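A.B. asks: Residue numbers (this note's numbering), protein chains in the order written: chain H, 238 to 745; chain E, 400 to 705.
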Amino acid sequence: MFNFTKLVVAGALLLSVSTPALAAKDLVVGVPDNLTGLDPHNVNDTLSQSASRLILQGLFGFDKDMKLVPVLAESYEANPDATEFTIRLRKNVKFHDGTPFNAQAVKINFERLANPENRLSRASLVNMVSQFTVVDDSTVKLTLKEPFGAMINNLAHPGAMIHSPAAIEKYGKEVNRNPVGTGPYKFVSWQADTLKVAKNENYWKQGLPKVDSVTLRSVPENGSRLAMLQAGEAQFIYPLPPEMMSVAEKSPKLDIISKPSIVTWYVAMNNMKKPFNDLRVRQALNYAVDKRAYAKIVYNGNMDPMDSVVPPGLPFYVKQGEWPYDVAKAKELLKEAGYPDGFETEIFAGNSTTSIRAMQFLQQQLAQVNVKLKVTPLEAGVAAQKIWSVSKPEDTTVQLYYGGWSASTGDTDWQLRPLLFGESFPPKMFNVAYFSNPEADAGIKAGIATADNEKRAEAYKKAQEAAWKNAPWIYLGVERLLAAKSKSLSGAYYLPDRGILLEEADLN
Amino acid sequence: MFRYLINRLLGILPVLLLVSVLVFAFVHLLPGDPARLVAGQDATDRDIAAVRAALGLDRPLWEQYVTYVSNILHGDFGISLKTRRAVSEEIGERFFPTFWLTLISMAWATLFGLVIGVSSAVRRGRWQDHGGMLVAVSGISLPSFWLGLLLIDWFSVRLGWFPTSGYGTLAHFVLPSITLGVGVAAVMARFTRSSFIEIAREDYIRTARAKGAFERFVVWKHVLRNALIPIITMVGLQFGFLLGGSIVVETVFAWPGLGRLLVDSVSYRDYPVIQAEILLFSLEFILINLIVDVLYALVNPEIRYR
Numbered sequence: 238m239f240n241f242t243k244l245v246v247a248g249a250l251l252l253s254v255s256t257p258a259l260a261a262k263d264l265v266v267g268v269p270d271n272l273t274g275l276d277p278h279n280v281n282d283t284l285s286q287s288a289s290r291l292i293l294q295g296l297f298g299f300d301k302d303m304k305l306v307p308v309l310a311e312s313y314e315a316n317p318d319a320t321e322f323t324i325r326l327r328k329n330v331k332f333h334d335g336t337p338f339n340a341q342a343v344k345i346n347f348e349r350l351a352n353p354e355n356r357l358s359r360a361s362l363v364n365m366v367s368q369f370t371v372v373d374d375s376t377v378k379l380t381l382k383e384p385f386g387a388m389i390n391n392l393a394h395p396g397a398m399i400h401s402p403a404a405i406e407k408y409g410k411e412v413n414r415n416p417v418g419t420g421p422y423k424f425v426s427w428q429a430d431t432l433k434v435a436k437n438e439n440y441w442k443q444g445l446p447k448v449d450s451v452t453l454r455s456v457p458e459n460g461s462r463l464a465m466l467q468a469g470e471a472q473f474i475y476p477l478p479p480e481m482m483s484v485a486e487k488s489p490k491l492d493i494i495s496k497p498s499i500v501t502w503y504v505a506m507n508n509m510k511k512p513f514n515d516l517r518v519r520q521a522l523n524y525a526v527d528k529r530a531y532a533k534i535v536y537n538g539n540m541d542p543m544d545s546v547v548p549p550g551l552p553f554y555v556k557q558g559e560w561p562y563d564v565a566k567a568k569e570l571l572k573e574a575g576y577p578d579g580f581e582t583e584i585f586a587g588n589s590t591t592s593i594r595a596m597q598f599l600q601q602q603l604a605q606v607n608v609k610l611k612v613t614p615l616e617a618g619v620a621a622q623k624i625w626s627v628s629k630p631e632d633t634t635v636q637l638y639y640g641g642w643s644a645s646t647g648d649t650d651w652q653l654r655p656l657l658f659g660e661s662f663p664p665k666m667f668n669v670a671y672f673s674n675p676e677a678d679a680g681i682k683a684g685i686a687t688a689d690n691e692k693r694a695e696a697y698k699k700a701q702e703a704a705w706k707n708a709p710w711i712y713l714g715v716e717r718l719l720a721a722k723s724k725s726l727s728g729a730y731y732l733p734d735r736g737i738l739l740e741e742a743d744l745n
Numbered sequence: 400m401f402r403y404l405i406n407r408l409l410g411i412l413p414v415l416l417l418v419s420v421l422v423f424a425f426v427h428l429l430p431g432d433p434a435r436l437v438a439g440q441d442a443t444d445r446d447i448a449a450v451r452a453a454l455g456l457d458r459p460l461w462e463q464y465v466t467y468v469s470n471i472l473h474g475d476f477g478i479s480l481k482t483r484r485a486v487s488e489e490i491g492e493r494f495f496p497t498f499w500l501t502l503i504s505m506a507w508a509t510l511f512g513l514v515i516g517v518s519s520a521v522r523r524g525r526w527q528d529h530g531g532m533l534v535a536v537s538g539i540s541l542p543s544f545w546l547g548l549l550l551i552d553w554f555s556v557r558l559g560w561f562p563t564s565g566y567g568t569l570a571h572f573v574l575p576s577i578t579l580g581v582g583v584a585a586v587m588a589r590f591t592r593s594s595f596i597e598i599a600r601e602d603y604i605r606t607a608r609a610k611g612a613f614e615r616f617v618v619w620k621h622v623l624r625n626a627l628i629p630i631i632t633m634v635g636l637q638f639g640f641l642l643g644g645s646i647v648v649e650t651v652f653a654w655p656g657l658g659r660l661l662v663d664s665v666s667y668r669d670y671p672v673i674q675a676e677i678l679l680f681s682l683e684f685i686l687i688n689l690i691v692d693v694l695y696a697l698v699n700p701e702i703r704y705r
């Protein structure tokens, strides 16, 4: 009898000890949208990129602070003109299907991406390369048609991640639904709005990953997504809308993640059109808007001030100073410019609740200096036509445009060149301020013509100074990103470009 | 009856052809260039041109339509511009979640609606009537968005009885079907009540009562049977609407259904998906109408089709 009791107790103890160790660690993440695809060479949204980053990896990548780090590469050398990049690869890495990762695999992937016949939407990341050369099994050389100083940043973009060459061969375009990479997790299934991936037991980083599976579930409604976390069905959700912060804060089981992003918010003023072709008007509007109130009203305080055209999270950022709120000065400048009684104008933006609230806020602010603002939210398709497809600057109807931008390559070039370079007017790129300034242009050009970081820093310093003082935008702020997670989850990171990093995730 | 059915089924084809022309025209009239949306926020002009050519959007419209229809006749509904998957797969994956949710919601809503409607009509002016109509008016007035979130908060977050959202087990159906069905049940209750009261005033009912038939017999045999005709019409209509997928319920409960797919497709200008979904909805409506017509004949043998 005594022995029997002992046995039962011992058994119970054993069970209670072994159960947590045996329980599978399944991480569920609530995301806002459906994935569009899992072939990073051919997707454009950050969410799909984050999802494929669970499975695939690039030669370079970003750590949790958006600093560029080598991933499948070990090191690289560039010539001074930024036309030749020699990259040494990590050895003894295998894809999920057992295919070895080597220089040949890199060549096959990049040639696939660059080939215009494949019509992959991320081709521009590598199409300045004229030749991909396999030097030896673990060395690859890129020869460029023209100098491109941000090459390594382009390779760190999720769009330049590496598929198993065997998978490309086997599935062709269908790698989109059958991704095979070298990443911490292996693809399991993707149906409707749920992606499942499982632990890669042979991952090349020792001791990782720590969870057995990751599930991404798309839950578009903010309230439902938070409920999922509260009910314990998910351990991480993003984004957390600012207005739900107080609800999440009340729960003892949850942590709120709030961190600076590289998402800048601004109003582009059409620098070619009256009255915004006058510097004094552009300055006046910058004085007329209270950016702190904007942060508070539109973003519930989750916004840092913008003190350069480049956000602090990007390399080569140089602080230019803050633009103070000064209504008297704004009125004075408008008077000088010949608008003592103000003027009427129109602002375009997307039709999300936040964008509409932002535009209404601006309407109230500008009314104080007698600028009457007509608020026009545009649905995405209409915006594409009205703003981004206009072929001649003279034909555009844009006067003011409210929008945000995050440089997906994590490099300053992709902040300045698409938005403020004189050759980047729509439809070519996104310079909807139609800003063209010789000094800024020279800086942007010089920055991309070299891989020497000191020279690049110098060039971007000049470009930032020239752009900032010419006030092509009303500088509003740099967004702070919000997410919420269960206290039991560690090692899950929300990146400054709105991506997520789950390689080190663990559940306790 | 059989010839009638054959004729009706054959009649579906020209209707669908007409729908396909209209949808194709409307979809392509929408402002906005899908190539630009597909290519993404930071695509260059060259990327966009490549995408346009890849999607065949650079060819003349009539040519695109002819290709489209001839592909459909071969059972090919095209490739989604957004996910680059076959449209038939995309829709197939989402059809059943919407279908089962509709079926379950309609089943309980119709049953409840009928019971509340009949009891209100029979006990007209008494507490059963007032109570029933109070419930019905509340049901119509509750915004399903609010109701859905409320149910999630009570039954999932606080009590932990049902999952907050998603699709999978039977438990996943409970909250969405309540949210979706409440409005339908309310409409059904009000509709049943008024239709019932109207029929009860007819001469033949008075005759039946005058003949000395039991009240219960009069109600169930004569009144309900005749009142059913407009009710069946209503059920058919509601069923058709719900099969289109409820955007609100599907969004709140992250339900992988057709309604969300349609909204996503419209905002993405995913032409092939929009076209195929509208064709599917038209077909569903036509079939439901046909079924409703057949049910008329079953309920009331006076109605005959030739």
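All C-beta atoms, glycine included, are put in the ideal place defined by N, C-alpha and C.
Here the structure is a predicted model, which is why all the values come from computation and not from measurement.
#1: Where does the unbroken beta strand (DSSP E) through E:Ile690 begin, and where does it stop?
#2: Any chance the region 493–513 of chain E sits against the region 639–646 of chain E, with 3 or more Cβ pairs inside 8 angstroms?
#3: With 8 angstroms set as the bound, which would you pick, yes or no: does the beta-carbon of E:Pro430 sit closer than that to a beta-carbon of chain H?
#4: Have a look at the DSSP bridge pairing and note the partners of H:Phe553.
#5: Cα separation between H:Ile681 and H:Lys692?
#6: Please work out which residues of its chain come closer than 8 angstroms, Cβ to Cβ, to E:Leu454, disregarding the five sequence neighbours upstream and downstream, and give them in chain order.
#7: Quick one: give me the first and last residue of the beta strand (DSSP E) that H:Glu348 is part of.
#8: In whole angstroms, give me the CA-to-CA distance for H:Gln294 and H:Asp334.
#9: For H:Val535, which residues from the same chain have a beta carbon less than 6 angstroms from its beta carbon, with the 5 sequence-adjacent residues on both sides left out?
#10: By Cβ distance, which residues of its chain are closer than 6 angstroms to H:Asp276, with the 5 residues on each side in sequence left out?
#11: Using a C-beta cutoff of 8 angstroms, does E:Pro655 count as contacting chain H?
#12: Does DSSP put H:Arg462 in a helix, in a strand, or in coil?
#13: Would DSSP call H:Ala435 helix, strand or coil?
#14: Could you pull out every residue in the same chain whose Cβ sits closer than 7 angstroms to the Cβ of E:Ile503, ignoring the five residues on either side in sequence?
#15: Can you check which of these residues, E:Phe554, E:Pro542, E:Val648, E:Ser469, is closest to H:Glu458 by C-alpha distance?
#16: Taking the alpha carbon of H:Arg462 as the reference point, which residue from E:Ile411, E:Ala508, E:Leu412, E:Val556 has its own alpha carbon closest?
#17: Against H:Thr633, what residues of chain E qualify as contacts under a CB-to-CB distance less than 8 angstroms, listed in chain order?
#18: Let me see if you follow: with CB-CB separation under 8 angstroms, is H:Gly659 close to chain E or not?
#19: I'd like to check one pair, H:Leu445 with H:Val476: are the Cβ atoms closer than 8 angstroms?
#20: Do the region 619–629 of chain E and the region 528–538 of chain E meet, that is, are 3 or more Cβ pairs less than 8 angstroms apart?
#21: Nearest by alpha-carbon distance to H:Asn537: which of H:Asn339, H:Pro416, H:Pro478 is it?
#22: Which runs of the alpha helix (DSSP H) spanning at least 4 residues fall entirely within the region 659–739 of chain H, listed in chain order?
#23: Let me know if H:Gln368 comes out buried or exposed under the rule of 16 or more other beta-carbons within 10 Å of its beta-carbon.
#24: How would you label H:Ala604, buried or exposed, when you count the other beta carbons within 10 angstroms and need 16 or more for buried?
#25: Should the region 369–377 of chain H be regarded as contacting the region 308–328 of chain H, the criterion being three or more beta carbon pairs within less than 8 angstroms?
#26: May I ask you to list, following chain order, the residues of the region 454–476 of chain H that have a beta carbon less than 7 angstroms from some beta carbon of chain E?
#27: Is there a Cβ of chain H sitting closer than 8 angstroms to that of E:Val414, yes or no?
#28: Measure from the C-beta of E:Leu548 to each C-beta in chain H and report whether the shortest distance is under 8 angstroms.
#29: Okay, do the region 483–492 of chain H and the region 578–588 of chain E touch, 3+ Cβ pairs below 8 angstroms being the bar?
#30: Could you give the uninterrupted runs of the alpha helix (DSSP H) lying entirely in the region 626–672 of chain E, keeping only those of 4 residues or more?
#31: Could you run through the region 338–359 of chain H and flag, in chain order, every residue whose CB is less than 7 angstroms away from some CB of chain E?
#32: Per DSSP, what are the beta-bridge partners of H:Trp642 in this structure?
#33: Do E:Ile687 and E:Gly635 come within 8 angstroms of each other at the CB atom, strictly closer than that value?
#34: Is the CB-CB distance between H:Arg654 and H:Ser661 below 8 angstroms?
#35: What is the DSSP secondary structure of H:Asp541, reduced to helix, strand or coil?
#36: Where in the region 376–430 of chain H do unbroken runs of the beta strand (DSSP E), each at least 3 residues long, occur, reported from the N-terminal end onward?
C.D. replies: Well, looking at it:
#1: Stepping through the second sequence from its first residue, residue 690 of chain E is reached at position 291. That residue, E:Ile690, is in no beta strand (DSSP E); its alpha helix (DSSP H) goes 670–698.
#2: yes
#3: Walking along the second sequence from the start, residue 430 of chain E turns up at place 31. Interface residue, yes.
#4: Counted from its first residue, the first sequence places residue 553 of chain H at position 316. Answer is none; H:Phe553 lacks a bridge partner.
#5: Position 444 of the first sequence, counting from 1, holds the residue named residue 681 of chain H. Position 455 of the first sequence, counting from 1, holds the residue named residue 692 of chain H. Cα to Cα, H:Ile681 sits roughly 12 angstroms from H:Lys692.
#6: For the purposes of this step, residue 454 of chain E is identified with residue 55 of the second sequence, where counting begins at 1. Hits under 8 angstroms: Pro433, Ala434, Val437, Leu480.
#7: Walking along the first sequence from the start, residue 348 of chain H turns up at place 111. Counting along the chain, H:Glu348 falls outside any beta strand (DSSP E), though it belongs to the alpha helix (DSSP H) covering 340–351.
#8: Here the question's residue 294 of chain H lines up with position 57 in the first sequence. Here the question's residue 334 of chain H lines up with position 97 in the first sequence. So the alpha carbons of these two residues sit roughly 15 angstroms apart.
#9: Locating residue 535 of chain H in the first sequence gives position 298, counting from the first residue. Cβ within range, chain order: Arg594, Ala595, Phe598.
#10: Start at 1 with the first residue of the first sequence, and residue 276 of chain H comes out as number 39. Cβ within range, chain order: Val412, Asn413.
#11: Here residue 655 of chain E corresponds to residue number 256 of the second sequence, with the count starting at 1. Yes - at least one Cβ of chain H is within 8 angstroms of the one on E:Pro655.
#12: As a first step, residue 462 of chain H must be located in the first sequence, where it is residue number 225. Correct three-state label for H:Arg462: helix.
#13: Sequence index remark: in the first sequence, residue 435 of chain H carries index 198 (1-based). Here H:Ala435 sits in strand by DSSP.
#14: If you number the second sequence from 1, residue 503 of chain E lands on position 104. Contacts found: Phe572, Ser576.
#15: Mapped onto the first sequence, residue 458 of chain H falls at position 221. If we check each option's Cα against that of H:Glu458, E:Val648 comes out closest.
#16: As a position in the first sequence, residue 462 of chain H is number 225, starting the count at 1. Among E:Ile411, E:Ala508, E:Leu412, E:Val556, the Cα nearest to that of H:Arg462 is on E:Val556.
#17: Walking along the first sequence from the start, residue 633 of chain H turns up at place 396. Going along chain E, no residue has its Cβ under 8 angstroms from H:Thr633, so there is no contact; the nearest lies around 15 angstroms.
#18: If you number the first sequence from 1, residue 659 of chain H lands on position 422. So no, H:Gly659 is outside the interface.
#19: Here residue 476 of chain H corresponds to residue number 239 of the first sequence, with the count starting at 1. Here residue 445 of chain H corresponds to residue number 208 of the first sequence, with the count starting at 1. The sequence shown places Pro at residue 476 of chain H, not Val. The answer is no: Cβ separation not under 8 angstroms.
#20: no
#21: Translated into the one-based positions of the first sequence, residue 537 of chain H becomes position 300. For the residues H:Asn339, H:Pro416, H:Pro478, the minimum Cα distance to H:Asn537 belongs to H:Pro478.
#22: 675–685, 690–707
#23: As a first step, residue 368 of chain H must be located in the first sequence, where it is residue number 131. Exposed.
#24: Position 367 of the first sequence, counting from 1, holds the residue named residue 604 of chain H. Per the 10 Å Cβ criterion, exposed.
#25: yes
#26: Arg454, Ser455, Val456, Pro457, Glu458, Gly460, Ser461, Ala464, Met465, Gln467, Ala468, Glu470
#27: Looking up residue 414 of chain E in the second sequence gives position 15. So, not an interface residue.
#28: The residue labelled residue 548 of chain E in the question sits at position 149 within the second sequence. E:Leu548 counts as touching chain H.
#29: no
#30: 646–651, 657–667
#31: Pro353, Arg356, Ser358
#32: In the first sequence, counting from the first residue as 1, residue 642 of chain H sits at position 405. Note: H:Trp642 sits in a beta bridge opposite H:Thr501.
#33: Residue mapping note: residue 635 of chain E aligns to position 236 of the second sequence, counting from 1. Residue mapping note: residue 687 of chain E aligns to position 288 of the second sequence, counting from 1. Taking 8 angstroms as the Cβ cut-off, E:Gly635 and E:Ile687 qualify as a contacting pair.
#34: Stepping through the first sequence from its first residue, residue 654 of chain H is reached at position 417. Stepping through the first sequence from its first residue, residue 661 of chain H is reached at position 424. For H:Arg654 and H:Ser661, yes; Cβs fall inside 8 angstroms.
#35: Indexing the first sequence from 1 puts residue 541 of chain H at position 304. Strand at H:Asp541.
#36: 376–381, 422–428
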